[in-house]
Amino acid sequence: MSVEFPAMPDVCQGGGLSGEFIALLSALLWSVSCVLMALGTKRLHVLPLNLVRCIVSSSFFLAMLPFFGGLEALLAVPPSAWLWLVISVLVLLVVGDTLYFRSLDLAGVSWAMPVAGINPLWAILLATLFLDEPLTWGLLAGALLVVAGVTLLSRPGVHSSNGRAIEPAARRKGLLLALLVSLLWAAGQVVLKPATAGMHSVVANSIRQPMAMLILLAINLRTGHWRELRHLDRRSWAMILMASLVGTGLGTLFFVMAIQDIGAGRTAVITSTSPLMAIPFSMFWLRERPTRWTMAGTFFTTVGIVLVA
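All residue numbers for the sequence shown refer to the working numbering, where the first residue is 412 and numbers rise by one.
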């Protein structure tokens, strides 16, 4: 079974760069963004944080849109693609991210993050079933190694959430949510391929990001969480704005381009290596020290990337 979508023109490609390199570049930008967020967000709620990210990325893509067809390019997007884009926004940016941070709160980082991190395996399976992407032993083995490596890299020193003990029932609920998140992320990534077929990544994101921004704005106004933004100082604002431009802007631009070039499955595996990319930045900016888990995770992730690429 496969999803039919039109042929993709050359304008969607990365200017001669390989899809694997573009995916790695996306992972690198996301890793820088995560470190900048850690420097600036402190205990800011995820809803206003995601709203700011989408406002910045929406401004970025809409500013670039006139150079990639402008309004004519948007009007040329078929209704079916709009539907896929709406689904990808809801699954990836709204429901997926919100449930992910809820799972972190319930189960703790050391439990929830590795479970949510198996999404490349789901992405490979879904891309094979619905998009007819090839499934090879190298891709599967590489994905398993990357998931194992990222799990080790994400392993913190304590199994707690915000410094408090976690009840078994809350942990079970958090793990179930993390498992659901891994599936939602994978589905959202796979949907992006038919959703963005035949259009440039800038055009696709000029639809996705403002759509997510409007949804998150409505949720923030409803819940009142936007008021937390009033308490941010200038340094925090600077870090969040830079992180949003680098990660949600440039990182997402290259992420969609990679999916268009090498497929959703391989892109999901390669971009899931962002924790590996974040290590040197964390050591320099956050003064974090590498551990034996870091070294083991680096080895597994690197071998996995080689197999996938």
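Heads up, the beta-carbon is just placed ideally off N, CA and C, and yes, glycines get one too.
Kindly list the residues whose CB is nearer than 6 angstroms to the CB of residue i, restricted to its own chain and excluding five residues on each side of it in sequence; keep chain order.
i      : result
Ile670 : Leu603, Lys604 and Thr678
Val505 : Ile626
Val714 : Leu556
Gly660 : Ser468 and Phe471
Lys584 : Leu517
Ala675 : Ala534, Ala538, Gln600, Val601 and Lys604
Leu473 : Ser617
Leu515 : Ala523
Among the options, which residue has its Cα nearest to the Cα of residue i?
i      : options                           : result
Pro701 : Leu563, Leu428 and Ile466         : Leu563
Gly549 : Asp543, Val561, Gly560 and Ile535 : Ile535
Thr684 : Ala598, Ile529, Val505 and Gly674 : Ile529
Ala559 : Gly708, Met610 and Ala654         : Gly708
Ala582 : Arg513, Val613 and Ser470         : The sequence given here places Arg at residue 582; Ala does not occur at that position. The shortest C-alpha separation from Arg582 is found at Arg513.
Thr634 : Tyr511, Pro459 and Ser429         : Pro459
Trp596 : Ser470, Ile466, Val613 and Val526 : Val526
Ile716 : Gly507, Pro531, His456 and Val467 : Pro531
Leu587 : Asn631, Leu510, His611 and Ile630 : Leu510
Ser612 : Phe666, Thr547 and Gly658         : Phe666
Asn631 : Asn461, Phe432 and Leu473         : Asn461
Gly430 : Met706, Val680, Trp696 and Thr712 : Val680
Pro621 : Gly662, Pro490, Val719 and Val497 : Val497
Trp740 : Val719, Thr663 and Met650         : A query on residue 740 cannot be resolved here, the shown segment of the chain reaching from 412 to 720 and no further.
Asn616 : Val601, Thr663 and Met653         : Thr663
Val488 : Met610, Met668 and Met475         : Met610
Trp637 : Leu436, Phe432, Leu440 and Val463 : Val463
Thr712 : Pro691, Leu687, Ser693 and Met694 : Leu687
Excluding the 5 residues preceding and the 5 following residue i in the sequence, name in chain order all residues of the same chain whose CB lies nearer than 7 angstroms to its CB.
i      : result
Ala689 : Ser442, Cys445 and Val446
Gly574 : With a pLDDT of only 48 at Gly574, under 50, the local geometry of the prediction cannot be trusted, and no value is derived from it.
Ala598 : Val502 and Leu537
Ala480 : Going by the sequence as given, residue 480 is Gly instead of Ala. Answer for Gly480: Val614, listed in chain order.
Ala397 : Coverage of the chain is limited to positions 412 through 720, which leaves residue 397 absent and any answer about it impossible.
Glu639 : Leu455, His456 and Pro459
Leu450 : Met650 and Trp696
Leu546 : Ile535 and Thr539
Leu656 : Val467 and Phe471
Measure the beta-carbon distance from residue i to residue j and round it to whole angstroms, keeping in mind my assumption that it falls under 8 angstroms.
i      : j      : result
Thr682 : Ala523 : Actually they are not in contact, since the Cβ atoms of Thr682 and Ala523 sit about 19 angstroms apart, beyond 8 angstroms.
Glu544 : Ala552 : In fact, because the Cβ distance is near 16 angstroms, the residues do not count as touching under 8 angstroms.
Ile618 : Ala434 : Going by Cβ atoms, the distance from Ile618 to Ala434 rounds to 22 angstroms, so no, they are not a contact pair.
Leu594 : Trp533 : 5 angstroms
Gly658 : Leu440 : 6 angstroms
Ala629 : Met448 : So it is not a contact: roughly 23 angstroms between Cβ atoms.
Ala484 : Val719 : About 32 angstroms; that fails the 8 angstroms criterion.
Which same chain residues, not among the five before or five after residue i, have their C-beta less than 8 angstroms away from its C-beta?
i      : result
Phe710 : Gly560
Met475 : Val613 and Ser617
Asp421 : Confidence at Asp421 is low in this model, with a pLDDT of 43, below 50, so the placement of that residue is unreliable and no value is reported for it.
Gly507 : Val592, Leu595, Trp596 and Gly599
Pro579 : none
List, from N- to C-terminal side, the alpha helix (DSSP H) runs of 4 residues or more that fit wholly inside the segment 478 to 530. 481 to 486, 490 to 499, 508 to 518 and 520 to 527
Starting from the N-terminal side, write out each stretch of the alpha helix (DSSP H) that is 4 residues or longer and does not extend beyond the segment 641 to 701. 645 to 654, 663 to 673, 675 to 682 and 685 to 696
I'd like the ranges of any beta strand (DSSP E) spanning at least 3 consecutive residues and lying wholly in the segment 552 to 628. none
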